[in-house]
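Residues in the sequence shown are numbered consecutively from 6, following UniProt numbering.
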Amino acid sequence: GSGRLWGGRFSGGAAEAMFALSKSTQFDWRLARYDIAGSRAHAGALHRAGLLTDDEHSAMITALDQLEAAVVDGSFAPADSDEDVHGALERGLLEIAGADLGGRLRAGRSRNDQIATLLRMYLRDAMAAVRVDVADLIQALHTQATRYLGAPMPGRTHLQHAQPIGLSHHLLAHAWPLVRDLERIRDLDRRLAVSPYGAAALAGTSLGLDPEQTARDLGFATSVANSIDGTAARDLAAEAAYVLAQIGVDLSRLSEDVILWATHDFGYAKLDDAWSTGSSIMPQKKNPDVAELARGKAGRLIGNLSGLLATLKGLPLAYNRDLQEDKEPLFDSIDQLLVLLPAVTGMVGTLTFDTDKMAAQAPQGFSLATDIADWLVRARVPFREAHEISGACVRYCEAEGIELSDLTPEQLTGIDPRLTPEVLTVLTVQGSIDSRNGRGGTATERVREQLDEITERLAKL
Ligand code: ARG
């Protein structure tokens with residue numbers, strides 16, 4: 006056996022460059038155990054259809070078990086002459102079971118339904134592994150948010166000081182997209198749990214096999230309703246690539262904050278030695294390489310998604326060899342995240358924050374201006390007017406070189422008589438934060454609720 010599955014109508018072998026182009030064992034071998042699992046289920050289908058006797062069936066299963074053991078211990082590996090994972094494994098099966106028995110397994114299936122099924126099986130497992138690592142990162146953010154509960158910081162829009170917020174509120178704002186990523190993985194799994202096995206090349210099989218039973222044997226919920234769709238569609242592969250890219254983007258945005266916070270100029274956060282690197286020339290440096298690699302890899306994950314979509318666009322039905330290009334970008338996105346996520350979790354979990362510096366900066370840049378306006382609104386002043394009055398306070402402070410919290414009662418009534426001394430109660434960072442106490446707000450009591458809500462959501466996933 007040459008590991009080639011299609012010799013019959015050909016008089017000569019493939020040209021060397023043709024074979025080099027066609028070959029996929031260097032990346033599809035990671036699907037070998039899924040292929041063997043599929044073969045076991047398929048042997049059962051052939052047996053139930055009367056195409057394998059009881060003895061042949063049990064000999065086939067024994068041979069497949071033996072082949073799997075050889076794959077696992079490395080004694081069986083693809084040869085140079087093998088085109089793809091399917092061909093290599095058939096060669097292995099023939100070696101173990103002999104040509105008569107081994108040669109019966111391919112009846113009623115095609116590499117087209119095989120590869121579509123294996124990819125779904127692989128993705129279900131791989132996405133579950135990513136899920137575990139994402140959950141760990143959410144937990145690290147949750148733990149830090151608990152540790153720093155009540156610590157204020159400047160909240161920013163346009164990177165400018167906007168309003169004071171709780172550090173925990175900000176950390177949890179990075180946790181929520183990751184919670185949704187976990188929900189995306191769960192939702193995707195419902196669609197992945199549909200088996201293409203039995204679709205054969207594109208039209209289904211004439212051999213009386215039961216795809217539903219094969220699907221259940223492989224841990225799928227059901228089998229595809231349309232054999233053409235089952236072999237030709239890769240929208241689920243693209244969806245997985247999207248979820249992986251979205252996780253990359255979420256890590257990148259978190260990382261960008263860490264990079265800024267760790268600068269001398271911000272000075273909000275310190276990176277632990279174990280999760281940062283030095284410079285070969287500048288002895289003082291401590292660089293946020295984990296965060297930078299996260300930001301960089303996000304670009305790569307986006308590239309994998311857009312490359313896959315570009316491959317799919319314009320493909321006629323049903324199977325086309327272009328589809329072989331689906332695997333490398335997906336495998337790469339998964340491999341990258343499985344290396345990246347534990348490092349980001351380590352970095353986040355060991356960050357220490359300079360809470361004094363953040364508290365001191367929280368009221369700067371006139372970030373309490375909205376609190377003056379809101380206070381006036383509660384005193385029945387229309388917001389348009391309140392906005393003007395608060396703006397006048399900012400103008401006054403800017404001219405005097407002071408902050409809003411420095412304003413004296415005399416200065417306040419001088420700006421507008423409606424600014425009675427009671428306004429001073431909201432002109433503090435704590436007063437400002439505590440006053441934002443609607444659901445989802447930055448008030449510490451609400452952030453405490455968020456911590457519980459994340460724990461509950463994670464428990465349900
Ligand atoms: N290596 C192929 C892939 O990854 C398997 C299916 C090949 N089918 C075929 N008819 N050439 O898509």
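Where a beta carbon is used, it is the ideal one built from N, C-alpha and C, also for glycine.
Beta-carbon gap between residue i and residue j smaller than 8 Å
i           : j           : result
residue 357 : residue 290 : no
residue 243 : residue 306 : no
residue 449 : residue 153 : no
residue 229 : residue 200 : yes
residue 121 : residue 235 : yes
residue 402 : residue 377 : no
residue 425 : residue 170 : no
residue 373 : residue 440 : no
residue 65  : residue 57  : yes
residue 272 : residue 303 : no
residue 316 : residue 297 : no
residue 113 : residue 187 : no
residue 225 : residue 198 : yes
residue 214 : residue 68  : no
residue 384 : residue 444 : no
residue 14  : residue 76  : no
residue 94  : residue 128 : no
residue 223 : residue 46  : yes
residue 123 : residue 43  : yes
residue 4   : residue 156 : One cannot answer for residue 4 here, as it falls past the ends of the chain, which runs 6 to 466.
residue 332 : residue 33  : yes
Beta-carbon contacts of residue i that lie in its chain and below 6 Å, excluding the five residues immediately before and after
i           : result
residue 322 : 233 and 237
residue 6   : Note that residue 6 has pLDDT 47, beneath the 50 cutoff, so the model's placement of it is unreliable and no number is given.
residue 260 : 296, 299 and 300
Own chain residues within Cβ distance below 7 Å of residue i, not counting five before or after
i           : result
residue 337 : 309
residue 455 : 177
residue 282 : 292 and 294
residue 91  : 10, 40, 116 and 119
residue 142 : 183, 346, 349, 350 and 353
residue 191 : 466
residue 428 : 377, 380 and 417
residue 404 : none
Contacts around residue i, its chain only, beta-carbon distance under 8 Å, and the 5 residues preceding and following it disregarded
i           : result
residue 138 : 342, 343, 346, 347 and 350
residue 369 : 159, 166 and 408
residue 453 : 154
residue 218 : 49, 50 and 53
Assigned secondary structure, residue i (DSSP; H/G/I helix, E/B strand, else coil)
i           : result
residue 426 : helix
residue 38  : helix
residue 336 : helix
residue 358 : strand
residue 369 : coil
residue 299 : helix
residue 1   : Any question about residue 1 goes unanswered here, given that the chain covers just 6 to 466.
residue 160 : strand
residue 465 : helix
residue 199 : strand
residue 13  : coil
residue 97  : helix
residue 420 : helix
residue 3   : The structure shown has nothing for residue 3, since the chain only spans 6 to 466.
residue 227 : strand
residue 292 : strand
residue 460 : helix
residue 250 : helix
residue 206 : coil
residue 413 : coil
residue 282 : strand
residue 145 : helix
residue 323 : coil
residue 54  : coil
residue 178 : helix
residue 448 : coil
residue 112 : coil
residue 453 : helix
Check your understanding: Residues with a Cβ closer than 5 Å to any heavy atom of the ligand ARG, in chain order?
Key -> Spelled out in chain order, the answer is 29, 89, 116, 120, 328 and 329.
Practice item. Evaluate contact between the stretch 404 to 415 and the stretch 431 to 438, counting only Cβ atoms and requiring at least three cross-stretch pairs below 8 Å. Key: Three or more Cβ pairs closer than 8 Å define a contact, and the stretch 404 to 415 meets that threshold against the stretch 431 to 438.
Exercise for review: Take every Cβ of the stretch 97 to 109, pair it with every Cβ of the stretch 170 to 184, and state whether three or more of those distances are shorter than 8 Å.
Suggested key: Contact between the stretch 97 to 109 and the stretch 170 to 184 is absent, because fewer than three Cβ pairs lie under 8 Å.
Exercise for review: Spell out a yes or no on whether the stretch 129 to 146 and the stretch 240 to 254 are touching, meaning 3 or more CB-CB pairs, one atom from each, closer than 8 Å.
Suggested key: Touching, yes, given that three or more Cβ pairs across the two stretches are closer than 8 Å.
Point to revise | Any 3 or more C-beta pairs closer than 8 Å across the stretch 27 to 47 and the stretch 76 to 91 | key: A contact is defined here as three or more CB-CB pairs under 8 Å, and the stretch 27 to 47 meets this definition with respect to the stretch 76 to 91.
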